[in-house]
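K.L.:
Sharing a structure here in structure tokens format.
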Amino acid sequence: MTDMAITFGSLFLIQKIDFTNPQNAFYAQCTFGALQLATLLVYVYIYNKVNSKPNNTIVRVPTNPPSMFSRPDPNEPMTEQTTTEYDLAQLKKLFTQSLFSIGITVFLFIKMGIIQPMAMQSVMAPQNLFKNKLFKIYILGQPESKFPRPWVEESPFSMGQPAAEETPATEQIDNSNNITIPKVKDTTTSTTTTKSRAKVTEIKESESSSEESEKEEKTKKNKKKYL
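See below:
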């Protein structure tokens, strides 16, 4: 929810800035260039940290990872990667996305003279960097157990909801060949109990209705005898 508020709030404020003023345009260009350069340097630093401490823990990753708009398929075939290989693949994808957004923004400025995307990217780039799990692990030093791999891409329309429901139950194999499987809530017992209760109520209702019909028949017979 806070991410959406920051995004729309920044977009509203950027619309209020007069970029026809050369000074404002110059500040926007300098801010965009400095932040994008700093972001790329952080990626290089993370790359060096990942390679400096190889992690051979095996991570089972779906062959075709789900996108941010789709749910993970539990029947999807898995491939095994080391944690180092997985982190480098995620870093490569992040680096490619950053270069793509920089290229689009620069193209819009050079060809069309649109500078608002530069100002918007100056807000989005740090925001996406601080949200990234690689940044949290290798820069902020947060424990890896807090972010079990493989990671599921967060939907921009999730409105800050936790991604626990979207995360598939995957197993990780450490260096000692011990398999750790995340706990999954058991909902079968609750469904079976509700079904059994429903059956009991149905049986009771049928018994009560049969008893009432028997009583009505007896009363009718008694009336006939008196007549």
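Numbering-wise (the working numbering), the sequence shown opens with residue 1 and increments by one. C-beta: ideal position from N, C-alpha, C; glycine also. Values in this document were obtained by computation on a predicted structure and should not be read as measured data.
#1: For Pro-150, is the classification buried or exposed, using 16 other Cβ atoms within 10 angstroms of its Cβ as the cut-off for buried?
#2: Is it right to say Thr-63 is buried, meaning 16 or more other beta carbons lie within 10 angstroms of its own, or is it exposed?
#3: Look at Asn-48 and Thr-82 and say whether their C-beta atoms are less than 7 Å apart.
#4: Run the CB neighbour count on Gln-121, radius 10 Å, all protein chains shown included, and call it buried at 16 or more, exposed below.
#5: So is Asn-21 buried or exposed if we call it buried at 16+ other beta carbons inside 10 Å?
#6: DSSP three-state call for Lys-16: helix, strand or coil?
#7: Using 8 Å as the threshold, is the region 25-39 in touch with the region 122-139, meaning 3 or more CB pairs across them?
#8: What residue range does the alpha helix (DSSP H) around Ser-122 cover?
#9: Return the CA-CA distance between Ala-34 and Met-118, expressed in angstroms with no decimal places.
#10: Rounded to whole angstroms, what is the Cα-Cα separation between Asn-75 and Gln-15?
#11: Could you give the distance in angstroms between the alpha-carbon of Gly-113 and the alpha-carbon of Glu-144?
#12: So, Ile-58 versus Glu-80, is the Cβ gap smaller than 7 Å?
P.N.:
On the basis of the data shown:
#1: For the purposes of this step, residue 150 is taken as residue 150 along the sequence shown, with counting starting at 1. Its Cβ being crowded by 16 or more others within 10 Å, Pro-150 is buried.
#2: Taking the sequence shown and counting its residues from 1, one reaches residue 63 at position 63. Thr-63 comes out exposed.
#3: In the sequence shown, the residue the question calls residue 48 occupies position 48. In the sequence shown, the residue the question calls residue 82 occupies position 82. Their beta carbons are not under 7 Å apart, which means Asn-48 does not touch Thr-82 by this criterion.
#4: Here residue 121 is taken as the residue at index 121 of the sequence shown, counted from 1. By the 10 Å Cβ count, Gln-121 comes out buried.
#5: Locating residue 21 in the sequence shown gives position 21, counting from the first residue. That one is exposed.
#6: The residue you call residue 16 lines up with position 16 of the sequence shown. Three-state result, Lys-16: coil.
#7: Because the criterion of three Cβ pairs below 8 Å is met, the region 25-39 and the region 122-139 touch.
#8: Numbered from its first residue, the sequence shown carries residue 122 at position 122. Segment 116-131, the alpha helix (DSSP H) holding Ser-122.
#9: Reading the sequence shown from its first residue, position 34 is the one you call residue 34. Reading the sequence shown from its first residue, position 118 is the one you call residue 118. Going from the Cα of Ala-34 to the Cα of Met-118 covers about 11 Å.
#10: One-based indexing of the sequence shown puts residue 75 at position 75. One-based indexing of the sequence shown puts residue 15 at position 15. If I take the Cα positions, the gap works out to 47 Å.
#11: On the sequence shown, position 113 is the one that residue 113 refers to. On the sequence shown, position 144 is the one that residue 144 refers to. Rounded to whole angstroms, Gly-113 to Glu-144 spans 44 Å at the Cα level.
#12: Residue numbering aside, residue 58 sits at position 58 when the sequence shown is read from its first letter. Residue numbering aside, residue 80 sits at position 80 when the sequence shown is read from its first letter. Yes, the pair counts as a contact, with Cβ atoms nearer than the cut-off.
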